[in-house]
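Trainee:
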Amino acid sequence: MSKTQLDGAKVAILVADGFEQAEMTEPRKALDAAGAATKIVSPKDNTVRGWKHHKPADEFNVDIPLPQAAAHEFDALVLPGGVMNPDALRINEEAIAFVRDFFKAGKPVAAICHGPWTLIEADAVRGRTMTSWPSLRSDLTNAGAKWVDREVVVDGNLITSRKPQDLPAFDREMVRLFADARAHA
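Following the numbering used here, the numbering of the sequence shown begins with 13 at its first residue and continues without gaps.
1. Can you check DSSP and say which residues form a bridge with Ala123?
2. Determine the direct distance from the alpha carbon of Asn58 to that of Thr143, and round the result to whole angstroms.
3. For Trp145, which three-state DSSP category applies?
4. Taking 8 Å as the cut-off, does the segment 169-184 touch the segment 68-80 (at least 3 CB pairs, one atom from each stretch)?
5. Is it true that the CB of Ala24 sits closer than 8 Å to the CB of Phe198?
6. What number of angstroms, rounded off, separates the C-alpha of Asp167 from the C-alpha of Lys56?
7. State buried or exposed for Ser14, treating a residue as buried only when at least 16 other CB atoms are found within 10 Å of its CB.
8. Leaving aside the five residues before and after Phe72 along the sequence, list all residues of the same chain whose C-beta is less than 7 Å from its C-beta, in chain order.
9. Once DSSP output is grouped into helix, strand and coil, what is the label at Leu26?
10. Suppose the cutoff is 8 Å on Cβ atoms and the five residues either side in sequence are ignored; what does the same chain contact list for Leu152 look like?
11. Give the DSSP-derived three-state secondary structure of Pro77 in the structure shown.
12. If contacts are defined as beta-carbon pairs under 8 Å, then His66 and Gly93 qualify, I think. What distance do you get, rounded to the angstrom?
13. Check each candidate in Lys22, Ala181, Ile108, Val27 and name the one with the smallest Cα separation from Leu91.
14. Answer with buried or exposed for Glu32, where buried requires no fewer than 16 other C-beta atoms within 10 angstroms of its C-beta.
15. Based on the DSSP secondary-structure assignment, which residues constitute the bridge partners of Lys51?
16. Among residues of its own chain, excluding the 5 on either side of Met36, which ones have a beta-carbon nearer than 7 Å to its beta-carbon?
17. According to DSSP, is Arg140 part of a helix, a strand, or is it coil?
As structure tokens, this is what we get:
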């Protein structure tokens, strides 16, 4: 992957405590390797804790507390999964407004695993073809999305994926989508 694909691109990674750690760290590595500047945005001020499946994992510094973040300052958004993380974000009005602003501006968004829960609350799934962790199938379908069981799905400016095992495909397509959006901006 070329270091210049995303040079100068600013990418927000929106997380609360309980995100699936690999679903944040692996996409972040791929984006950084492509030249993007990634920033962890969170409702928390100082640190946020990842999880490895059902166990607490590492803490990460919050780069920008959510109240100080604005979608217009970023080129793209990543929404990692885990169960607790998107469950907390989907009831946080600031998080929903932040996500909604990316869609209003037509900016690319990448969500994996349970990350689409936040997209449902932002009213961003109606008419989209998407994938997710299988337990979200009914939630997405009831919100107007067409759910498919594939490792990665790109629908316009939205990319979704199912689980950590799909990260290689998710990362590859995410970088491609973000680079294409940047080239056509």
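We put the CB at the ideal spot given by N, CA and C, even for glycine. Everything numeric in this text was worked out from a predicted model, so none of it was measured.
Mentor: Working from what's here:
1. Leu91, Thr172
2. 32 Å
3. coil
4. no
5. Because the chain is modelled from 13 through 197, residue 198 falls outside the range shown and cannot be assessed.
6. Their backbone Cα atoms lie some 31 Å apart in a straight line.
7. Here Ser14 scores only 45 on pLDDT, less than 50, and its place in the model should not be relied on; the value that follows carries that caveat. Classification of Ser14: exposed, given that the 10 Å Cβ count is below 16.
8. Ile52, Thr59, Val60, Gly62
9. strand
10. Within the same chain, Pro128, Ile132, Val137, Met142, Ser144, Trp159 come within 8 Å of Leu152 by CB-CB distance, once the 5 residues on both sides are set aside.
11. strand
12. About 14 Å; that fails the 8 Å criterion.
13. Val27
14. Sixteen is the threshold: when 16 or more other Cβ atoms of the shown chains lie within 10 Å of the Cβ of Glu32, as they do, the residue is buried.
15. Ala24
16. Within the same chain, and ignoring the five residues on either side of Met36 in sequence, the residues whose Cβ sits closer than 7 Å to its Cβ are Ile25, Val27, Gly62, Pro92.
17. coil
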